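Here the structure is laid out as structure tokens; the discussion comes afterwards.
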Amino acid sequence: MPSKIAIHIVLIIIALLTLAPFLWMVGASFMATGEAGTYPPHFIPRSPTLDHYSGLFTGLQLGRYLLNSIIVSLSITGISLLVNSMAGYAFAKFSFPGRNRLFRLLISTMIIPGQVTMMPLFLMLNRLGLVNTYWGIIIPGMASIFGIFLFRQYVMSIPDSLIEAARIDGASDWRIYCTIILPLCKPILVTLAIFTFMGAWNDFLWPLIIMTRDSMYTLPVALANLMGEHTQDTEMMMAGAVLTILPVLVVFLALQKYYIKGIMLGSVKE
Amino acid sequence: MINTYSQSTRHSAYLFLTPALTAIGVFFFLPVLAALLMSFTDFDIYSLGDIKNARFIAFRNYSQLLQDPLFWKALKNTSYFVIIGVPLSIATSLGTAVLLNSKLVKLKSLLRLAYFIPVITTLVAVAVVWRYIYHPRFGLMNYLLELIGINAIDWLGDPHWSMPALIILAVWKNFGYNMIIFIAGLQNIPLELYEAARIDGASRWQQFRTITLPMLAPTTLFITIITVIGYFQFFAEPYVMTRGGPLNSTLSIVLYMYREGFHSWKMGYSAAIAFILFFIVFLITLLQLRLQKARVV
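Residue numbers (my numbering), protein chains in the order written: chain A, 1 to 270; chain B, 1001 to 1297.
Here it is, written out as structure tokens:
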């Protein structure tokens, strides 16, 4: 069938165009110095070398930036999952005066762009001595309204009878949260963990503002900074880009089902 | 629902809420209010040392912004990015979603994965990669164009091409995200509608226009809102690739805000820029929701 072939050709061309920058990035990162800057551009290195990767770690303390990114992203993920799931549970399964109004207020403030908070937040964290510390990035990421929203929706689907049965057995609310709510929330926990981790890893503007000392840069900030000084070192910049992308790519490939589910959850809001 | 308003459950509820509400209150709500106040002051580098140096100047930051040619330039550039970029991005998403949703297609999940990879990768890293792809001499983009007979373009060096270059990058980076949402929307359209249309002799294009598009309207509205809001905040692409140049042709609102706030330390002025951004995003969301309501009624 001709239309079947045509659709496949179009889709494959789009896929190649989509992947070409990555293929070139990986190829160039293994090329000898100067090879990526020759015409015509090619994807396969003539004599592959690991020089640029080792150079990044020995000469430019990329290991340090990698460590910073890992510490910050994992901390934000861990803390925000705990904080958001607790709040989501409270909104879903407790009744207290003003609950719905409070929840609606939170949701309506989601429209405020994060950039609005950045000037006062910087001054505040500066006063607290948290500029150039991991806490400077972690603290604003501790709770997220979107995360609370997702947890609330999910916990609402857990039957009340389960919780009431546990309460009759004398379980405290905290125990119910730990032994019933959290285990049942595993799918949404995984989904939010990936979203939060990748969001924190890829974040740029806030880390750029709060980390002014070289040794505290996260990978994206370090990479943007290297771009200024090492524009000519194409192959080394590509190696840096590969190392920045690789962790999120691995996390995504391993858990993509949960990630796609998360997009769908996010898109049914309101 | 557990009990109702009993003392102990209310206490537990507050305990569970405290960490989140404290964090959001202190590190989100409070800075928003502080930024609003700041935008009415001349908070600058002298106020950094001693906050008493900041004076209340009412709306002067805002009136000054309206006369600031760089701010208008940033607003114009950002609008250009949004007005061209968003429809292009949504059309690409919808196009690939429709093709990918066709029953004829094999290896769906593999193709979908390929389209999706730019979405999850670090924006700064791909901006770095694309800086070389746009290289006028050895860049991949010009090489591909020359293969089909188009002369080399100085993508990032020519003020006419710098913004299209950033738009192409943004569409490439984002279309996979909205594509996923569109595919889900397409799968919710009852197949009987298409069968009925086929019996009536409707062509593929007619089916697309009279069934697919209207049925996808709520999805499209949602996608438009989130994409517009996201595109209005673009920052990393010009920061990494062009530093806002050449000739400020890629200076965006957030980049200008960042420069005024954290390079010139004119934080009152910068806060005013942030609030104008908020105001624009707010108006657009409102407008789009209104449009949707008008269509439904």
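Cβ atoms here follow ideal geometry from the backbone N, Cα and C, with glycine treated the same way.
Small disclaimer: the values here were computed from a predicted structure and weren't measured.
- Residues of chain A with a Cβ closer than 9 Å to the Cβ of B:W1172 are, in chain order, L17, T18, P21.
- Neighbours of A:M198 in chain B, taken as residues at a C-beta separation under 7 Å, are given in chain order as I1120.
- Spanning the alpha carbons of A:A15 and A:D203 requires a straight line of approximately 26 Å.
- Here B:E1260 is buried. Its C-beta has 16 or more other C-beta atoms within 10 Å.
- Contact between A:M237 and A:L219 does not hold, since their C-beta atoms are separated by about 13 Å, which reaches or exceeds 8 Å.
- When the beta-carbon positions are compared, A:G141 and A:I79 come within less than 9 Å of each other.
- In the three-state reduction of the DSSP assignment, B:T1122 falls in the coil class, being assigned neither a helical nor a strand state.
- The residue among A:N68, A:L162, A:S144, A:P97 with its C-alpha nearest the C-alpha of A:M110 is A:S144.
- In this structure, A:G262 lies near A:I194, with their beta-carbon atoms less than 9 Å apart.
- Listed in chain order, the non-local C-beta contacts of A:F91 below 6 Å within the same chain comprise F103, R152, local neighbours out to five positions each way being set aside.
- When rounded, the separation of the alpha-carbon atoms in A:A241 and B:V1240 is 13 Å.
- Contiguous alpha helix (DSSP H) elements confined to the segment 1026-1092 of chain B occur at 1030-1038, 1045-1049, 1060-1066, taking only those with 4 or more residues.
- Any Cβ of chain A closer than 9 Å to the Cβ of B:Q1233 would place that residue at the interface, and such an atom is present.
- Cβ atoms of B:G1268 and B:F1043 come within 8 Å of each other, at about 4 Å.
- For B:M1141, the enclosing alpha helix (DSSP H) starts and ends at 1140-1147.
- Proximity of B:G1261 to chain A, defined by a Cβ-Cβ separation below 9 Å, is satisfied.
- Contact between the segment 1175-1187 of chain B and the segment 1144-1152 of chain B is not established, with fewer than three Cβ pairs separated by less than 8 Å.
- In the same chain as A:I76, and ignoring 5 residues on each side of it, the C-beta atoms closer than 7 Å to its own belong to I138, G141, T196, A200, in chain order.
- Nearest in C-alpha terms to A:A32, of all of A:T38, A:L223, A:L81, A:T49, is A:T49.
- Under the Cβ distance rule, B:H1160 does not count among the residues neighbouring chain A, no pair being separated by less than 9 Å.
- Listed in chain order, the non-local C-beta contacts of B:Y1132 below 7 Å within the same chain comprise G1139, local neighbours out to five positions each way being set aside.
- Here B:A1165 is near B:W1155, since their CB atoms are less than 9 Å apart.
- Annotation: the continuous alpha helix (DSSP H) that includes A:G199 extends over 186-202.
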